[in-house]
Amino acid sequence: MSHIRSHIMVCTGTGCTSSDSPKLITAFEEELKLEGMDQEVRVVKTGCFGLCAMGPIVMVFPEGACYTRVTVDDVHEIVAEHIVKGRIVTRLLHMEGEAGESVTSLNETQFYKHQLRIALRNCGVINPEYIDEYIGVDGYTALERILTEKTPPQEIIDALKKSGLRGRGGAGFPTGNKWQFTYDAVSPNGVKYVCCNADEGDPGAFMDRSVLEGDPFSVIEAMTIAGYAVGSHQGYIYIRAEYPIAVKRLELAIKQAEEYGLLGDDILGSGFSFHLELRLGAGAFVCGEETALMTSIEGHRGEPRPRPPFPAVKGLFGKPTLLNNVETYANITWILNNGWEKFAAIGTEKSKGTKVFALGGKINNTGLVEVPMGTPLRTIIEDIGGGIPNGKKFKAAQTGGPSGGCIPAELIDTPIDYDSLTAIGSMMGSGGLIVMDEDNCMVDIAKFFLEFCVDESCGKCVPCRIGTKRLYDLLCKITDGKGTLEDLDTIEELCHHLKDSALCALGQSAPNPVLSTLKYFRDEYVAHVVEKRCPAGVCRNLTRYIIDPGKCKGCTLCARNCPVNAISGAVKAPHVIDQNKCIHCGLCQNNCRFDAISKA
Amino acid sequence: MPNCKTAVPYRGTPEQEERLRQVIEAHKGQPGATMPVLQAAQEIFGYLPEEVQIMVAEGLDIPLSEIYGVASFYSFFSLNPKGKYQISVCLGTACYVKGAADVLNAVEKKLNIAPGGITTDGLFSLDACRCIGACGLAPVMMINDDVYGRLTAAQVGPILDEYIKKG
């Protein structure tokens, strides 16, 4: 076996692939061949490192140098300097802070220092396309131990219960209890199913995708263990068709696990069999709801059904079914290998372990982060996220996507766990965390999430089908400047009706963004209604463009470009906008060379 | 409803139909076969015209109404053909707060089509999509497999002109 002295790890997650990381791999391989070093330096395709905003990311080991925004043109320099001469290319290192300090090792950065990676432990560490690499980081030791020692299923379930692991899909139901219910359920012909919910549909969330792209085997191993624990021999992974890389890696992973005898009939000669199939979603947000997901796997329109009966009793094809989220599964083998005590020691009293967040919106370090439960929002935004770009002020963060709520700036010290978030009117959700600054209008944001729910409502129950639409219409009325104060009361009333009467979580939680913005930013709603003004300057019909006579040079450029001839004025004299004609298109402001036009 | 019966005539070839028959044969009798078969059918034909839905319904022995119900429920299935260049503008949250609506507007104006539509010459079809996961590059637009990130509305025209030139 040849001796490998250096590893060049190139991220091939969706973010970095979109910024051309596959081309980097070819370039590195060619460059190494030219230098005659292709036998001693290995180029490894890995999963997500988390720092997506700075992609494509290349890490060179053993030094652990983290290069960001690497282009094909940089490849020669990295190989010639770093690999051949051992000199780190400081120009490309990840820079942090205003001083522009470059950091050699990722672990020293603010971005990583506050993180604790359990679900993402192998992302960016192994090549997700080779089972040997997963086995090399203690993969499949948990399954092997359980099958050879014939661990009683109840023992596994008890360990999960004691670990305090709660479902990472959003609602936070204790995972051990779910396993117990499915284990206890009696199936007349002995058939039970194990399903994995990988239908990650929240806009702005990509935690599950990164786990599946970076470490698919950990999910497959955990599902196999789940099959053993609850007495099931068939599993399904329901994954979005929009995640082609994750789908490809899962297919590869299932095939390799089968070849190694770690999946399929008579696993490791133990007599236990477990088969796994992929089912592709087809772009319906509601299919992330557990009963809708199962209806979809059965081959129907993805409409939810009333609970009870719960899936653990009567689920897929009418049989007892265990359904967990990707991130939940990604925690299982870690707990079984390291002991529930160690897991239970992390986090807060009622929320144990860590949570992965997809950090996005107005934040410097867009990307994927995993922090212990109970980490204050401030740490995530200011330290890990690197604060808000362009010196703007933090206004609110939205957790839980269209089902969650916003956390205003005054609550930035809230510890992030299931119960604290619910207490302030938001929810953990699956892990999308969208940061907003002073330029975002909260009414507009509420409208945006509601429009999403209107689009994605499956139409089965009236409260959701009609209620979300009516709610959306009311918000449009407000952003158009036609709202009244009574409308605000109607909105609140409608929200509560919807919460109480919708069939599934989609409809029940659809009012959350509206209610939480109304709670924390009522003054913004009132400004839209009473003063007919959008404080953030986002809602077009409430925005007025004005020309500063002091700055206007009378160049006539704005007047010539105005599509509705709303601007008048003599040459070299200050111009004026006729507010009755203005359609708020903003062309004049874009065109002005003297910065004389602003939104009022 | 943008997803109703298409006006474009059916142009399926015997080879395509044969491939579909093989897919149906392979899945027949399996529980929950509808979705995988429709996904394969869309891959073969590019979309799901009525003729294809009838073939699937008869092949799997499932009522056509149910097949149509499934095909029209999921946004991934299209009852209309797609353009040579398929444009999707991401309207996920991260892109939206960074001005994706302006980018979409610019595309609509330039090509004179709305999301879900196709240009009369069949060159471009436009979709507004949910998060494609490249939030670090927001706002993002995809044309077939090419990703354009950190976009402004002003960049849209020149990008589309390149494709128009290619034809």
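Residue numbers (my numbering), protein chains in the order written: chain Z, 20 to 619; chain E, 1163 to 1329.
Ideal Cβ placement from N, Cα and C applies to all residues, glycine included.
message: So, under 8 Å CB-CB, K369(Z) and R187(Z) are touching, yes? Tell me the CB distance rounded to an integer number of Å.
response: Actually they are not in contact, since the Cβ atoms of K369(Z) and R187(Z) sit about 15 Å apart, beyond 8 Å.
message: DSSP three-state label for E1212(E), please.
response: In the structure shown, E1212(E) sits in a helix (DSSP, three-state: H, G or I).
Backbone CA spacing between K381(Z) and T170(Z) [nearest angstrom]: 48 Å
CB contact check: P391(Z) to chain E, cutoff 8 Å: no
message: Going by DSSP in three states, V595(Z) sits in which element: helix, strand or coil?
response: strand
message: Between which residues of its own chain and K414(Z) is the CB-CB distance below 7 Å, once the five residues before and five after are set aside?
response: A428, M455, D456, E457, N459
message: Using only the alpha-carbon positions, how far apart do G155(Z) and E240(Z) sit?
response: 14 Å
Beta-carbon spacing of F236(Z), I150(Z) below 8 Å: yes
- request: Name the residue from G300(Z), I27(Z), R552(Z) whose alpha carbon lies nearest to the alpha carbon of D57(Z).
  value: I27(Z)
message: Suppose only complete runs of 4+ residues qualify. What are the alpha helix (DSSP H) ranges in the region 177–203 of chain Z, listed by chain order?
response: 194–203
- prompt: Does A311(Z) have its Cβ less than 8 Å from a Cβ in chain E?
  reply: no
- request: List in chain order: all unbroken beta strand (DSSP E) runs of 3+ residues lying wholly within the region 276–363 of chain Z.
  value: 294–299, 340–344
field: Segments assigned beta strand (DSSP E), at least 3 residues, entirely inside the region 54–141 of chain Z
entry: 60–65, 77–80, 84–86
- prompt: C1166(E): buried (16+ other C-beta within 10 angstroms of its C-beta) or exposed?
  reply: Low confidence applies to C1166(E): its pLDDT is 45, below 50, so where it sits in the model is not reliable, and the reading given next is rough at best. Taking all protein chains shown into account, C1166(E) has fewer than 16 neighbouring C-beta atoms within 10 Å of its C-beta and is therefore exposed.
query: Alpha carbon to alpha carbon, how far is S1240(E) from V60(Z)?
result: 46 Å
- prompt: Are L1226(E) and A1233(E) close, meaning C-beta to C-beta below 8 Å?
  reply: No, Cβ-Cβ distance for L1226(E) and A1233(E) is not below 8 Å.
message: Can you find the residues in the same chain that come closer than 8 Å, C-beta to C-beta, to L287(Z), ignoring five residues on each side of it along the sequence?
response: L162, E163, L166, T167, G280, L281
query: What are the residues of the region 311–329 of chain Z that lie near chain E, defined by any Cβ-Cβ distance shorter than 9 Å?
result: Result list: S315, I316, E317, G318, H319, R320, G321, E322.
query: What does a CB cutoff of less than 6 Å around L606(Z) pick up in its chain, not counting 5 residues either side in sequence?
result: N580
- request: Determine the DSSP secondary structure at F47(Z), reduced to helix, strand or coil.
  value: helix
- prompt: Taking C-alpha atoms, which residue in L494(Z), V79(Z), I244(Z) lies nearest to S289(Z)?
  reply: Checking every option, the nearest Cα to that of S289(Z) belongs to I244(Z).
- prompt: How would you write the range of the beta strand (DSSP E) that S617(Z) sits in, first residue to last?
  reply: 616–618
task: Would you mind listing the beta strand (DSSP E) stretches within the region 1231–1299 of chain E that are 3+ residues and don't spill past its ends, in chain order?
output: 1247–1252, 1286–1291
Interface flag, V1309(E) vs chain Z, CB-CB below 8 Å: yes
Where P421(Z) falls: helix, strand or coil (DSSP): helix
field: Cβ separation of N531(Z) and M461(Z), assumed to be a contact under 8 Å, to the nearest whole Å
entry: About 13 Å separates the two Cβ atoms, so there is no contact after all.
- prompt: Should T1314(E) be flagged as near chain A, meaning a C-beta pair shorter than 8 Å?
  reply: The structure shown contains no chain A; its protein chains are Z and E.
query: For the alpha helix (DSSP H) that P622(Z) lies in, which residues bound it at each end?
result: Any property of residue 622(Z) remains undetermined from this structure, which presents chain Z solely from 20 to 619.
field: Integer-rounded CB distance, given that I1321(E) should sit under 8 Å from C1252(E)
entry: Not a contact, Cβ separation roughly 15 Å.
task: Could you spell out the range, first to last residue, of the beta strand (DSSP E) harbouring G1319(E)?
output: Per DSSP, G1319(E) belongs to no beta strand (DSSP E); it is in the alpha helix (DSSP H), 1315–1328.
message: Please classify I453(Z) as buried or exposed, where buried requires at least 16 neighbouring CB atoms within 10 angstroms.
response: buried
- prompt: Taking the alpha-carbon positions, what's the I1338(E) to A1290(E) distance?
  reply: The question about residue 1338(E) has no answer, for chain E in this structure spans 1163 to 1329.
query: Does any CB atom of chain Z fall closer than 8 Å to the CB of L1299(E)?
result: Interface residue, yes.
- request: Residues of the region 1223–1238 of chain E with a CB closer than 7 Å to any CB of chain Z: list them in chain order, please.
  value: Under the 7 Å Cβ criterion, the region 1223–1238 of chain E contributes G1231, V1232, F1235, Y1236, S1237, F1238.
field: Complete alpha helix (DSSP H) runs within the region 433–460 of chain Z (minimum length 4 residues, chain order)
entry: 437–442
task: Measure the C-alpha to C-alpha separation of E117(Z) and N409(Z) and round it to an integer number of angstroms.
output: Residue confidence is low: E117(Z) scores 45 on pLDDT, short of 50, so the model does not pin down where it sits. Its coordinate-derived value is still stated next. Roughly 12 Å separates the two Cα atoms.
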